[in-house]
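Colleague: Protein chains in written order, with this note's numbering: chain A, 1 to 295; chain B, 1001 to 1192. For each residue, glycine too, the CB sits at the ideal point set by N, CA and C. Sharing a structure below in structure tokens format, with a few things to ask.
In structure tokens:
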């Protein structure tokens, strides 16, 4: 299994732990990644409110580069916003040839063009369907018994393109989590919006969404995420959200591959657990308990 | 007040500087809306909005352009696509919200320009650095907003990120990389 890898800007800064743990876990699962050389920002969710063409041309540039480097490989993207931006180019250009030509005309500024051979895949999609829970289970060296995990999917990984799971009641993480030995919290907030893109411009509205999610997860030891925006919202604004009216208590928030890495034998340092902004002492204690020991 | 009344009676609102083509495109996106309200019921941000998404679409189709552009509703869309997913007519509602942000930001109202500043600063940052440099982005945003209290809102997060070694102060290896693409897109979008 070989993929072109698009980390995205967050994974170079605020989400380094997502980048590193994804690379390490995929390596342990026998997945090969080739980072797209010279990749640039996909525009996040901030370009669409300004320019319609640019919001397609930016991700199209990365797709053109991926196509040039490895035309047969799927492009693996861990960030949900980056994933959606690239997926949208794929979908819209497929449906509208004029638009595809317009995007290629923009790319001609760099002597690039995109023909559409590269498929865009989210990290979760690759883990859930290409790798699969069985292979994950075989690679587990330390079952994480005694932990209850709330799987958080967020929005853009399944909306508006629900390619690999039910966007109303997503469940693709459950078999992967069970393969690690943890209990999965039964909740209905997994696909609820956390308001990430409003945190800079409409703080109060975003905090209300974060509070609701944290409240619902208060029975869990931790929440796992598959998007740097969701992660940041749920961990960095947690105290503020609880203070502003949430009933919840502090909850640890980890990236899915960080938790997987711990079960696959990586240490807390290996998955950069020290970079997380919400890890409770209770979780650290449970992770270090001998009960969660070797298989 | 006068201007407002005129805008109501003139659908495409010739009295205000609205891009009529862009407006017509957005109206087309929601033309088939049957006012079922599924969008409003699905929107996680509806409680914070001054108009529900459903009534926004109706006002848009009635040509109440001033009322639509003065509303906070589309600025509160967090692009979660719940409305788009559930719309029984299959309308691109999230895209319409983004298109309204575009329209409002170019329409020349001072308040809207301010609301659109974050997006503009973001894009300038990407154009210059190739990859986002958050620290630089936020500094420019604070300067442009000219609100001395605003940085205080972000201080706790900034300190947390700094402590975790997550704030990057240096430039990017992709600096200037997107210049040609941006220039080309600008040239293409300026064509009549």
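Could you say which of A:25, A:12, A:113 lies nearest to residue 59 (chain A) if we only look at CA atoms?
Modeller: The shortest Cα separation from residue 59 (chain A) among A:25, A:12, A:113 belongs to A:113.
Colleague: At a CB-CB cut-off below 9 angstroms, which residues of chain A make contact with residue 1174 (chain B)?
Modeller: Here the neighbours are 38, 39, 40, 41.
Colleague: Please compile the residues from chain A whose C-beta is within a distance smaller than 9 angstroms of the C-beta of residue 1084 (chain B).
Modeller: Those are 159, 160, listed as they occur along chain A.
Colleague: Per DSSP, what are the beta-bridge partners of residue 2 (chain A) in this structure?
Modeller: Paired residue(s): A:32.
Colleague: I believe residue 209 (chain A) touches residue 193 (chain A) by the beta-carbon criterion, under 8 angstroms. Please report the beta-carbon distance rounded to the nearest angstrom.
Modeller: Yes, residue 209 (chain A) and residue 193 (chain A) are in contact; Cβ-Cβ is about 6 angstroms, under 8 angstroms.
Colleague: Go ahead and label residue 372 (chain A) buried or exposed: buried means 16 or more other beta carbons lie within 10 angstroms of its beta carbon, across all protein chains shown.
Modeller: Only positions 1 to 295 of chain A appear in the structure, and residue 372 (chain A) is not among them; the question remains open.
Colleague: Between residue 1187 (chain B) and residue 68 (chain A), what straight-line distance do the alpha-carbon atoms span, to the nearest angstrom?
Modeller: Their backbone Cα atoms lie some 26 angstroms apart in a straight line.
Colleague: Could you tell me if residue 23 (chain A) is buried or exposed, where buried requires 16 or more neighbouring beta carbons within 10 angstroms of its beta carbon?
Modeller: Buried, since its Cβ has 16 or more Cβ neighbours within 10 Å.
Colleague: So which of A:242, A:73, A:251 has the shortest CA-CA distance to residue 231 (chain A)?
Modeller: When each option's Cα is compared against that of residue 231 (chain A), the closest is A:251.
Colleague: So, using beta-carbon positions, are residue 261 (chain A) and residue 271 (chain A) closer together than 8 angstroms?
Modeller: Their beta carbons are under 8 angstroms apart, which means residue 261 (chain A) touches residue 271 (chain A) by this criterion.
Colleague: Find the nearest neighbour of residue 234 (chain A) within the set A:278, A:53, A:256, judged by alpha-carbon distance.
Modeller: Here the closest residue by C-alpha is A:278.
Colleague: For the stretch 34-117 of chain A, which segments carrying the beta strand (DSSP E) assignment without a break, of at least 3 residues, lie completely within its bounds, in sequence order?
Modeller: Complete beta strand (DSSP E) runs here, min 3: 74-77.
Colleague: Report the residue ranges of all alpha helix (DSSP H) runs contained in full by the stretch 215-278 of chain A; include only those spanning at least 4 residues, in chain order.
Modeller: Runs of the alpha helix (DSSP H) inside the stretch 215-278 of chain A: 228-236, 238-243, 256-263.
Colleague: Exposed or buried, residue 275 (chain A), counting other C-beta atoms within 10 Å across all chains shown (16 or more means buried)?
Modeller: Label assigned to residue 275 (chain A): buried.
Colleague: Taking only the alpha-carbon atoms, compute the straight-line gap between residue 86 (chain A) and residue 2 (chain A) and give it to the nearest angstrom.
Modeller: Between residue 86 (chain A) and residue 2 (chain A), the C-alpha separation is close to 19 angstroms.
Colleague: So is residue 204 (chain A) buried or exposed if we call it buried at 16+ other beta carbons inside 10 Å?
Modeller: With fewer than 16 other Cβ atoms within 10 Å, it is exposed.
Colleague: To be precise: take each residue of the stretch 103-121 of chain A, compare its Cβ to all Cβ atoms of chain B, and keep it if any distance is under 8 angstroms. Which residues remain?
Modeller: Here the close residues are 105, 106, 107, 108, 109, 110.
Colleague: For a cutoff of 8 angstroms on Cβ pairs, would you count residue 1123 (chain B) as touching chain A?
Modeller: For residue 1123 (chain B), the answer is yes, since a Cβ of chain A falls inside 8 angstroms of its Cβ.
Colleague: On a Cα-Cα basis, can you pick out the residue from A:108, A:82, A:34 that is closest to residue 1185 (chain B)?
Modeller: With distances taken between Cα atoms, residue 1185 (chain B) lies closest to A:108.
Colleague: Go ahead and label residue 1098 (chain B) buried or exposed: buried means 16 or more other beta carbons lie within 10 angstroms of its beta carbon, across all protein chains shown.
Modeller: With 16 or more other Cβ atoms within 10 Å, it is buried.
Colleague: Distance, Cα to Cα, residue 1175 (chain B) vs residue 1130 (chain B)?
Modeller: Cα-Cα distance, rounded: 5 angstroms.
Colleague: Specify the secondary structure class of residue 174 (chain A) as computed by DSSP and reduced to three states.
Modeller: Of the three classes helix, strand and coil, the one that applies to residue 174 (chain A) here is helix, per DSSP.
Colleague: Just curious, the alpha helix (DSSP H) that residue 151 (chain A) is in, first and last residue?
Modeller: It is not in any alpha helix (DSSP H) - residue 151 (chain A) instead sits in the beta strand (DSSP E) that spans 148-151.
Colleague: What does DSSP give as the partner residues of residue 121 (chain A) in its beta bridges?
Modeller: According to DSSP, which records beta bridges pairwise, residue 121 (chain A) is partnered with A:76.
Colleague: What's the C-alpha gap between residue 1019 (chain B) and residue 1059 (chain B)?
Modeller: Those two C-alpha atoms are separated by around 17 angstroms.
Colleague: Buried or exposed for residue 1085 (chain B), please, with buried defined as at least 16 other CB atoms from any protein chain shown within 10 angstroms of its CB.
Modeller: The residue is buried, with at least 16 neighbouring Cβ atoms inside 10 Å.
Colleague: Which residue's Cα is closest to the Cα of residue 70 (chain A): A:32, A:57, A:43?
Modeller: Closest by alpha carbon: A:32.
Colleague: So for residue 126 (chain A), helix, strand or coil by DSSP?
Modeller: Here residue 126 (chain A) sits in helix by DSSP.
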